[in-house]
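Using the numbering used here, read the sequence shown as starting at 2 and increasing by one per residue.
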Amino acid sequence: MTKKVQGRHPILAGDRSEYEAKREELTKAGIRYCLAAYTDVHGVGKAKCVPIDHFSGMMRGSELFTGAALDGLGQEPNDDELSVRPDLDRIVELPWMRGYAWAPGHLYFHNQRWPMCSRVVLQRAVDRAAGLGYVFNLGIETEFYLVRKEDGAVVPANPRDVLAKAAYDISDLLANMPFMDEVIGYMNQLGWDVHSFDHEDSNSQFEFDFSYTDVMSMADRQTLWRMMMKEVARRHGFELTLMPKPYANRTGTGAHFNMSLADIHSGANLFADPDDPRECGVSKLAYQFIAGVLAHAPALTAVAAPTVNSYKRLVKSGSMTGFTWAPIFRSYGGNNRTHMLRIPLTSPRVESRAVDATCNPYLAAAAYLQAGLDGIENELDPGEPRRENMYLLSDAELADRGIKTLPRTLLEAVEAFEADPLMERVFGPDLKTAYVDLKSHEWWDYHNQISPWEIERYLTFF
C-alpha cells in the first residue's frame, strides 16, 4: 500500500506573483468563485468552492479533502487530508454560471502527487508517451438520451418522438433546439468547436461531435461537459442520462474514443500513411497501437465499460431498429462499425466503439494509451483488417477465424483486468486493487438482486 504520513499538512510551494496575476485576470472577468476540482474513481466531479480572494491559497493546495469519504482514493478516516492543486492553464469560466470558474487539478498528499488520483494516472501515461516522442490526441463522440419520468417510468423526453428508426430525424432534433442551441453556444464559448450534432438511432437520443485535442484536455472537457449538460437539461425540464442502456429494446449510448499519436515536436499525425498496403490509410505505428489495444481488450473493457449496465449495450441484438451498433468482438477493420476498433475513412485515426460515457475519462484514456504503447514497444501486429459484417458470423465461423469476444459481464471484465499485468503498470498496485474491489462489489450487489423478469418467468413456472 502507498505509505501514508500523518502530521501537519503543508501548503505547496508556488509562484505567488503568477497566481496573483491570474487572480486579477479572473476578477476583471467577473469571476467571484472558483471550483477547486477533481474526480473520484468513477469520474464524477468533486470540488470545493473558493471565493476569488483566496485564489492564491487554493492554487498552492489550501483546499483539503477527506479521501476516505470517496470511492477509490485509498484513504482511511484517520489519514491526513488530500489537497487539490489546480492546473493554472486549464481554468475556465462556467458559461452557464457567470461568475464561477472551474479549476481542475491533480490531488496531492504532503507535497507529492497522489498516485490514486485519476488525473495523476493519466499524467503518468502522457509522460510515458512523451518520453517516446508522442502526443496522444483524443476525440470523444458524446452520445446521450434526454428523458423524463412518467408514472414512475423513464421515457424519452419528447412524447412525439416515436419512430422505429429515428436516426437523423429532423423533427425531434428541431423540437429540442432550445436546449441544443444553448449548450452548443456554451461549448463554443469554451473553444471546443462543435462541428455537427444529430439525432441518434433511438428516440430522444443525440450526439455532439466537437474538435479533438490532447488527451488531458479532452478528459477535462468530458468531465466538464457531463456536468454542464446535466445542469442545462434540468433547466429545460428534463434529465440527461449517460446510462449505456436505459431501455432494453432501444439502442445503447456510447462515448467512442477517436485516437491518434502525433509527433511531439512537429505535431504531425503519426497514424497517417496514404500508401498503406492494407488500404486503411494508416501507418505501421497505428497497426501496432491497434494490436496493443486488442491484446489488452478484455482488461480495457473493465475501465471503458465500467458498469453492470454497460454490458447490456455490448450485444449484437436487442434494439428495435435492427442493429445495436455496439461491438462484441476483439476485432478491427476499416470503415466497419461492427468491430471494436474502426478506422474511419475521413481521417487517419483509430476509433474504439467499446467505450461508454459512464467511464472515468482519465482512467479509460490512460489504459488505452498504455495498451497502445505496449503494442508499439513490442512491435505487435493485429493481422489483416476484417471487412465482413461481424454480427452475421456464426460461432463456427468465428472460431475458425480465431475471433474472440469481449467480456460479456462486468465480472468477466474485472477478472480480466485483475489478471492483466499491464493494468498494474497503468493504475499502480493500490488503485488497481481498489478498482477490482469496487467493481467486484458492484457486480455482486447487482447479482444479488431479484429482477421483475425473474419473478415473471419463474414464480409459477415450475
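Even for Gly, the Cβ is constructed at its ideal location relative to N, Cα and C.
Taking the alpha-carbon positions, what's the residue i to residue j distance?
{"i": "Thr-3", "j": "Leu-71", "result": "In this prediction, Thr-3 has a pLDDT of 44, which is less than 50 and means its spatial position is unreliable; nothing more can be read from the coordinates."}
{"i": "Gly-73", "j": "Arg-279", "result": "43 Å"}
{"i": "Ala-305", "j": "Leu-83", "result": "26 Å"}
{"i": "Tyr-392", "j": "Tyr-459", "result": "31 Å"}
{"i": "Asn-112", "j": "Trp-326", "result": "46 Å"}
{"i": "Val-415", "j": "Met-60", "result": "37 Å"}
{"i": "Gln-289", "j": "Leu-271", "result": "12 Å"}
{"i": "Asn-337", "j": "Arg-387", "result": "8 Å"}
{"i": "Arg-384", "j": "Asp-375", "result": "A small fix is needed here, since residue 384 is Gly in this sequence, not Arg. In a straight line, the C-alpha of Gly-384 is about 16 Å away from that of Asp-375."}
{"i": "Lys-5", "j": "Lys-150", "result": "With a pLDDT of 44 at Lys-5, under the threshold of 50, the predicted position of this residue should be treated as unreliable, though the coordinate-derived value follows. Near 46 Å, if we compare the C-alpha coordinates of Lys-150 and Lys-5."}
{"i": "Tyr-436", "j": "Asp-41", "result": "11 Å"}
{"i": "Phe-137", "j": "Ala-220", "result": "12 Å"}
{"i": "Asn-390", "j": "Tyr-369", "result": "25 Å"}
{"i": "Arg-161", "j": "Asp-202", "result": "15 Å"}
{"i": "Arg-426", "j": "Pro-52", "result": "39 Å"}
{"i": "Ala-48", "j": "Ala-367", "result": "22 Å"}
{"i": "Gln-7", "j": "Thr-67", "result": "Interpretation of Gln-7 is limited by its pLDDT of 44, a score under 50 that renders its predicted location unreliable; no figure is taken from the coordinates."}
{"i": "Gly-186", "j": "Glu-232", "result": "15 Å"}
{"i": "Val-155", "j": "Ser-205", "result": "12 Å"}
{"i": "Pro-299", "j": "Ile-32", "result": "45 Å"}
{"i": "Tyr-39", "j": "Lys-405", "result": "37 Å"}
{"i": "Pro-422", "j": "Gly-373", "result": "15 Å"}
{"i": "Glu-419", "j": "Lys-433", "result": "8 Å"}
Considering just the uninterrupted stretch of the alpha helix (DSSP H) at residue i, what are its terminal residues?
{"i": "Ser-172", "result": "171-176"}
{"i": "Lys-49", "result": "Per DSSP, Lys-49 belongs to no alpha helix (DSSP H); it is in the beta strand (DSSP E), 46-52."}
{"i": "Ala-70", "result": "Careful: Ala-70 lies outside any alpha helix (DSSP H) and carries neither H nor E."}
{"i": "Ser-311", "result": "311-314"}
{"i": "Tyr-436", "result": "430-448"}
{"i": "Ile-377", "result": "362-378"}
{"i": "Tyr-459", "result": "453-459"}
{"i": "Met-391", "result": "Counting along the chain, Met-391 falls outside any alpha helix (DSSP H), and DSSP gives it neither H nor E."}
{"i": "Gly-1", "result": "Nothing can be reported for residue 1, as the shown portion of the chain is limited to 2 through 463."}
{"i": "Leu-412", "result": "411-420"}
{"i": "Glu-398", "result": "396-402"}
Got a sec: does the ligand HEM put a non-hydrogen atom nearer than 7 Å to the Cβ of residue i?
{"i": "Trp-97", "result": "The ligand HEM is not part of the structure shown, which contains no ligands of any sort."}
Could you give the first and the last residue of the continuous beta strand (DSSP E) run that contains residue i?
{"i": "Tyr-20", "result": "From DSSP, Tyr-20 is part of no beta strand (DSSP E) but of the alpha helix (DSSP H) over 17-29."}
{"i": "Ser-261", "result": "258-264"}
{"i": "Tyr-34", "result": "34-40"}
{"i": "Leu-154", "result": "Correcting the residue type first, residue 154 is Ala in the shown sequence and not Leu. Here the beta strand (DSSP E) through Ala-154 covers 154-157."}
{"i": "Ser-353", "result": "351-353"}
Report buried or exposed for residue i, applying the criterion of at least 16 other Cβ atoms within 10 angstroms of its Cβ.
{"i": "Lys-259", "result": "The question names Lys, but residue 259 is Asn in the sequence shown. Buried is the call here."}
{"i": "His-297", "result": "buried"}
{"i": "Leu-95", "result": "buried"}
{"i": "Arg-9", "result": "Because Arg-9 carries a pLDDT of 44, less than 50, the predicted location of this residue cannot be relied on, and the following value inherits that uncertainty. Label assigned to Arg-9: exposed."}
{"i": "Cys-50", "result": "exposed"}
{"i": "Asn-449", "result": "exposed"}
{"i": "Tyr-100", "result": "In the sequence on display, residue 100 carries Gly and not Tyr. Burial call: exposed."}
{"i": "Met-341", "result": "buried"}
{"i": "Pro-469", "result": "Summary: the structure shown does not reach residue 469, with the chain confined to residues 2 through 463, and so no result is reported for it."}
{"i": "Met-424", "result": "buried"}
{"i": "Arg-227", "result": "buried"}
{"i": "Ser-284", "result": "buried"}
{"i": "Leu-133", "result": "exposed"}
{"i": "Glu-380", "result": "exposed"}
{"i": "Phe-463", "result": "exposed"}
{"i": "Arg-354", "result": "buried"}
{"i": "Glu-19", "result": "exposed"}
{"i": "Ser-452", "result": "exposed"}
{"i": "Lys-246", "result": "buried"}
{"i": "Thr-1", "result": "An answer regarding residue 1 cannot be provided, because it is not within the stretch 2 to 463 covered by the chain."}
| task | May I have a chain-ordered list of the alpha helix (DSSP H) segments no shorter than 4 residues that lie completely inside the stretch 171-241? | result | 171-176, 178-190 and 216-236
| query | Do three or more CB pairs link the stretch 164-174 to the stretch 127-145 at distances below 8 Å? | reply | no
| said: Which runs of the beta strand (DSSP E) at least 3 residues long sit entirely within the stretch 243-307? Give them in chain order. | reply: 258-264
| request: Can you check the stretch 66-144 for any beta strand (DSSP E) of at least 3 residues that lies completely inside it and give the ranges in chain order? | output: 83-87, 101-110 and 135-141
| Is there contact between the stretch 115-129 and the stretch 233-250, where contact requires at least three CB pairs shorter than 8 Å? | no
| On the three-pair Cβ rule with 8 Å, is the stretch 431-447 touching the stretch 344-351? | no
| request: Report yes or no: do three or more beta-carbon pairs, one from the stretch 30-45 and one from the stretch 361-369, lie closer than 8 Å? | output: yes
| query | Is the number of C-beta pairs between the stretch 182-191 and the stretch 101-111 that are closer than 8 Å three or more? | reply | no
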